[in-house]
Amino acid sequence: MLKVKKYVSLSLALAVMLAACGGPKMSKYATKTNLAKKARYDVNRATINKNGKGFTVDFDKMATLPKRVALVSFYTDDPGLTKKRGTASTGITFTTTNTGEDAAKSYADFFYQGSITELKKSFADNGMTLMVPSEYLTSEDKRSYYNSFVAAHSTLNKLGGKLAKFFKKMGNAGTTIECKAPADGFILTDLNKNHELANEKKKSVKPTGGVGQYDDRMIESIGYDLCKKLDVDAVVVIVNTQLCDKNLIRTRHYMAAVSMYMFGPNPQPLTEGKKDNMFYSKGLYYSGYRMAFKKGLRMDQKAKGDEAKKELDANNRKAYNNMVVSIANKMGSNIKASK
Numbered sequence: 003m004l005k006v007k008k009y010v011s012l013s014l015a016l017a018v019m020l021a022a023c024g025g026p027k028m029s030k031y032a033t034k035t036n037l038a039k040k041a042r043y044d045v046n047r048a049t050i051n052k053n054g055k056g057f058t059v060d061f062d063k064m065a066t067l068p069k070r071v072a073l074v075s076f077y078t079d080d081p082g083l084t085k086k087r088g089t090a091s092t093g094i095t096f097t098t099t100n101t102g103e104d105a106a107k108s109y110a111d112f113f114y115q116g117s118i119t120e121l122k123k124s125f126a127d128n129g130m131t132l133m134v135p136s137e138y139l140t141s142e143d144k145r146s147y148y149n150s151f152v153a154a155h156s157t158l159n160k161l162g163g164k165l166a167k168f169f170k171k172m173g174n175a176g177t178t179i180e181c182k183a184p185a186d187g188f189i190l191t192d193l194n195k196n197h198e199l200a201n202e203k204k205k206s207v208k209p210t211g212g213v214g215q216y217d218d219r220m221i222e223s224i225g226y227d228l229c230k231k232l233d234v235d236a237v238v239v240i241v242n243t244q245l246c247d248k249n250l251i252r253t254r255h256y257m258a259a260v261s262m263y264m265f266g267p268n269p270q271p272l273t274e275g276k277k278d279n280m281f282y283s284k285g286l287y288y289s290g291y292r293m294a295f296k297k298g299l300r301m302d303q304k305a306k307g308d309e310a311k312k313e314l315d316a317n318n319r320k321a322y323n324n325m326v327v328s329i330a331n332k333m334g335s336n337i338k339a340s341k
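Mind the numbering: the sequence shown is residues 3 to 341 in my numbering, read in order.
Right, here's the structure in full:
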């Protein structure tokens with residue numbers, strides 16, 4: 003009987019160790035080319051009515067669908083994790099861990115370089131031209147405006163962000179200060195001041211909630227001000243949400259979600275004599291999807307030797323390409339089918 007118990011205990015211990023060392027890997031998605039079903043619609047569903055009030059465009063009210071689309075931001079977003087130490091009697095301290103700006107930028111560069119060709123093709127297949135900064139920043143005036151652009155946010159969204167930070171610092175939500183960094187050549191177009199809380203154990207985030215759905219100032223500043231200044235029909239922002247291990251910050255990073263959002267001008271002009279208010283915005287959501295994973299996907303598992311590392315990098319790039327292009331295909335085909 004003692005031997006049976008011993009073997010059971012050893013088996014359980016081995017299972018726990020394998021689970022900890024195993025876990026889902028990002029590279030396993032390298033061969034999965036159609037992941038559209040994993041992408042959840044992630045913008046406000048309240049489409050504009052006949053007077054133009056609402057948060058999301060109704061493509062039936064547009065004379066033509068967007069053709070020239072600018073990719074204005076491609077960035078890594080790490081919500082951060084907190085490690086709590088001490089007790090009420092001895093004093094409680096919180097240690098923040100996140101990917102760090104340098105590593106976050108490296109990941110953004112890595113995934114952008116591996117996906118932009120297929121992203122352009124996906125948009126072209128759906129009747130749109132996806133442009134990068136070198137293609138739409140065609141004058142000094144545009145470059146200056148773009149490089150100094152900061153997305154505006156509603157008071158409600160900012161308040162939500164302050165409350166989230168307050169609770170994060172309390173330590174009872176498991177997360178704290180975030181880190182964000184864009185790929186080379188892009189600005190950081192921050193879509194949400196109300197920073198989300200991450201699941202520490204699963205290294206995951208919620209399936210929706212990547213943007214402030216009622217943030218009218220944000221959608222106007224990106225969908226109208228930036229769009230008009232760049233002289234394009236719509237703009238796109240891509241966000242990769244990552245997390246790192248609290249104890250192994252430099253060696254364990256996880257992809258939690260890949261998101262893509264499109265913004266553009268409101269096709270319905272404000273009724274003459276009326277003033278802008280919280281129900282009317284010159285800019286709107288055009289579309290948006292988030293592909294979140296139930297458990298974060300490990301991106302940097304150990305690889306023995308240079309060749310194994312090259313293979314891992316190649317598979318991670320293929321995997322990411324499959325994810326972001328699946329979102330682009332879903333977004334594009336839905337827009338194309340609306341007319």
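Note that beta-carbon positions come from the ideal geometry of N, C-alpha and C, so glycine has one too.
Item: Proximal residues to residue 153 (C-beta, below 6 Å), its chain only, five neighbours per side dropped; Value: 191, 192, 220, 223 and 224
Item: N-terminal and C-terminal residue of the beta strand (DSSP E) that residue 1 is part of; Value: Summary: the structure shown does not reach residue 1, with the chain confined to residues 3 through 341, and so no result is reported for it.
Item: Rounded separation between residue 272 and residue 292 - CA only; Value: 31 Å
Item: Other residues of its chain near residue 304: CB distance less than 7 Å, five sequence neighbours each side excluded; Value: none
Item: Alpha carbon of residue 126 to alpha carbon of residue 211, nearest angstrom; Value: 28 Å
Item: CA-to-CA distance, residue 216 to residue 156, given in whole angstroms; Value: 8 Å
Item: Test item: CB-CB of residue 323 and residue 78 under 7 Å; Value: no
Item: Nearest-angstrom Cβ-Cβ length linking residue 110 and residue 80, presumed shorter than 8 Å; Value: Going by Cβ atoms, the distance from residue 110 to residue 80 rounds to 11 Å, so no, they are not a contact pair.
Item: Enclosing beta strand (DSSP E) for residue 79 [first to last residue]; Value: 70-80
Item: Residues that residue 265 bridges to, as DSSP identifies them; Value: 237 and 287
Item: Nearest-angstrom beta carbon gap, residue 32 and residue 332 [assumed within contact, 8 Å]; Value: Not confirmed; about 20 Å, so no contact.
Item: Local conformation of residue 397 per DSSP, three classes; Value: As shown, the chain starts at 3 and ends at 341. That puts residue 397 outside it, with no answer to give.
Item: Whole-angstrom distance between residue 287 and residue 114, CA atom to CA atom; Value: 23 Å
Item: C-alpha distance - residue 229 paired with residue 194, whole-angstrom precision; Value: 19 Å
Item: Beta-carbon proximity check, residue 244 vs residue 101, cutoff 7 Å; Value: yes
Item: Contact the segment 49-63 vs the segment 260-269: 3+ CB pairs below 8 Å; Value: yes
Item: The beta strand (DSSP E) enclosing residue 183, as first and last residue numbers; Value: 181-184
Item: Length of the line joining the Cα atoms of residue 120 and residue 132; Value: 11 Å
Item: Residue 140 classed as buried or exposed, judged by whether at least 16 other C-beta atoms fall within 10 angstroms; Value: exposed
Item: Straight-line Cα distance separating residue 238 from residue 59; Value: 15 Å
Item: Buried versus exposed, by CB contacts within 10 Å (16 or more), residue 310; Value: exposed
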